[in-house]
Amino acid sequence: MQARRIAVMASGKGSNLRVILDAVRQGRCPVEVGLVLSDKADAGALAIARAAQVPRVCHLDPRDYADRAAFDAACADRIERAGCRWVVLAGYMRILSSSFVRRFAGRIVNIHPSLLPAFPGAHAVEDALAYGVKVSGCTVHLVDEVLDGGPILAQAVVPVRDDDDRASLHARIQREEHRLYPATLARMVTVGFDLDGRVVRWRDGA
Numbered sequence: 005m006q007a008r009r010i011a012v013m014a015s016g017k018g019s020n021l022r023v024i025l026d027a028v029r030q031g032r033c034p035v036e037v038g039l040v041l042s043d044k045a046d047a048g049a050l051a052i053a054r055a056a057q058v059p060r061v062c063h064l065d066p067r068d069y070a071d072r073a074a075f076d077a078a079c080a081d082r083i084e085r086a087g088c089r090w091v092v093l094a095g096y097m098r099i100l101s102s103s104f105v106r107r108f109a110g111r112i113v114n115i116h117p118s119l120l121p122a123f124p125g126a127h128a129v130e131d132a133l134a135y136g137v138k139v140s141g142c143t144v145h146l147v148d149e150v151l152d153g154g155p156i157l158a159q160a161v162v163p164v165r166d167d168d169d170r171a172s173l174h175a176r177i178q179r180e181e182h183r184l185y186p187a188t189l190a191r192m193v194t195v196g197f198d199l200d201g202r203v204v205r206w207r208d209g210a
């Protein structure tokens, strides 16, 4: 297992994967993307990974497996065979099974478009607007068995404007995601952190 090698799991167009790969190429994020895995054959993330010459690019179809646990076990086997220490979720739309989370405990990272613990789940931007908050943002967090409930690694604040709709707010949050995610991954593999209960303590004290 390589300490800085990551597996990226993605279901969609791959915008977060693209910014991670760009940051790696530019020397801003010293991780090695060893595997990109998707549950969708037509995911844009797969094309991005192939264009970037990621060593292993894989599509697994959940319909080929008896249940979620069997599918996740197959994904986990691919990740371990690729020698990846970290699992980075980048628009991965499946809820991970408990067995998968336990297998990579403390090593699965996700980014979510709200300031957790506010507005977990798939409709975070809409929920923030409906609630009337004046600031939203994004959160990089470790994944545990509670949906969007793992320890928080980093957050960025995005003001909510009076004329925002879902599209406009989401676009500004996504710009912050594209800055925050590679920066947090870089810090994760260079500085490191410890967990004090559910509180992340960065080893540089910052």
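Throughout, the working numbering is defined as the position within the sequence shown, counted from one, plus 4. The C-beta atom is built at its ideal place from N, Cα and C for all residues, glycine as well.
In whole angstroms, give me the CA-to-CA distance for residue i and residue j.
| i | j | result |
| --- | --- | --- |
| E180 | V113 | 17 Å |
| I10 | T194 | 14 Å |
| G38 | K138 | 39 Å |
| Y185 | D68 | 32 Å |
| A132 | R183 | 21 Å |
| D208 | G196 | 8 Å |
| V58 | Y135 | 41 Å |
| W206 | M192 | 8 Å |
| D65 | R82 | 13 Å |
| L120 | G154 | 9 Å |
Does DSSP put residue i in a helix, a strand or coil?
| i | result |
| --- | --- |
| I99 | coil |
| R205 | strand |
| R1 | With the chain covering 5 to 210 only, the question about residue 1 has no answer from this structure. |
| R89 | strand |
| D65 | coil |
| D131 | helix |
How far does the alpha helix (DSSP H) with residue i in it reach, from first residue to last?
| i | result |
| --- | --- |
| C79 | 72–85 |
| P186 | 170–194 |
| E36 | Segment 36–42 is the beta strand (DSSP E) holding E36; no alpha helix (DSSP H) there. |
| V161 | Premise fails: V161 lies in the beta strand (DSSP E), 156–163, not in any alpha helix (DSSP H). |
| D26 | 19–29 |
| A126 | Careful: A126 lies outside any alpha helix (DSSP H) and carries neither H nor E. |
Just curious, the beta strand (DSSP E) that residue i is in, first and last residue?
| i | result |
| --- | --- |
| S140 | 139–146 |
| A7 | 6–13 |
| L120 | Here L120 belongs to no beta strand (DSSP E), and DSSP marks it neither H nor E. |
| L151 | It is not in any beta strand (DSSP E) - L151 carries neither H nor E in the DSSP assignment. |
| D167 | Taken as a continuous stretch (DSSP letters only), D167 belongs to no beta strand (DSSP E), as it is neither H nor E. |
Are residue i and residue j touching if we call contact CB-CB under 8 Å?
| i | j | result |
| --- | --- | --- |
| L173 | V164 | yes |
| A54 | V35 | Checking the sequence, you will find Arg at residue 54 rather than Ala. Cβ atoms of R54 and V35: not closer than 8 Å. |
| I115 | C142 | yes |
The region 97–110 contacting the region 68–79, beta-carbon criterion three pairs below 8 Å: yes
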